[in-house]
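Counted from 1, the sequence shown has number 43 at position 5 by my numbering; the numbering is strictly sequential. The beta-carbon is built from N, C-alpha and C at its ideal position, and this holds for glycine as well.
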Amino acid sequence: MVEVGWILCPVCANKTRLKVREDTILYNFPLFCPKCKQETIITVRQLNISVIKEPDAKTQSR
39 MVEVGWILCP
49 VCANKTRLKV
59 REDTILYNFP
69 LFCPKCKQET
79 IITVRQLNIS
89 VIKEPDAKTQ
99 SR
């Protein structure tokens, strides 16, 4: 039997709207949390979630 689990938000640790199976592989997936309204880039392999840090965009000065 294939194990299924919820993806938890890495910011607020609440459930998101996505479930993954143990054989699911996601690379650079934009995960949106409906509770904290944050979007995070994640990678999922064998129900292990790792957060990918991206540098914030710099504001342009004129």
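Locate the beta strand (DSSP E) running through residue i, then write down its first and last residues.
i, result
"Glu77", "77-83"
"Thr54", "53-59"
"Pro68", "63-70"
For residue i, collect the residues of the same chain with a Cβ closer than 7 Å to its Cβ; drop the 5 residues on either side in sequence, then sort them by chain order.
i, result
"Lys53", "Trp44, Leu46"
Given a cut-off of 8 Å on the beta-carbon distance, is the pair residue i and residue j in contact?
i, j, result
"Pro48", "Thr78", "yes"
Does DSSP put residue i in a helix, a strand or coil?
i, result
"Ser88", "strand"
"Pro48", "coil"
For residue i, collect the residues of the same chain with a Cβ closer than 8 Å to its Cβ; drop the 5 residues on either side in sequence, then sort them by chain order.
i, result
"Leu56", "Trp44, Ile45, Leu69"
Which residues in the same chain as residue i place their Cβ atom closer than 6 Å to its Cβ, once the five residues preceding and following it in sequence are excluded?
i, result
"Val42", "Lys57, Arg59"
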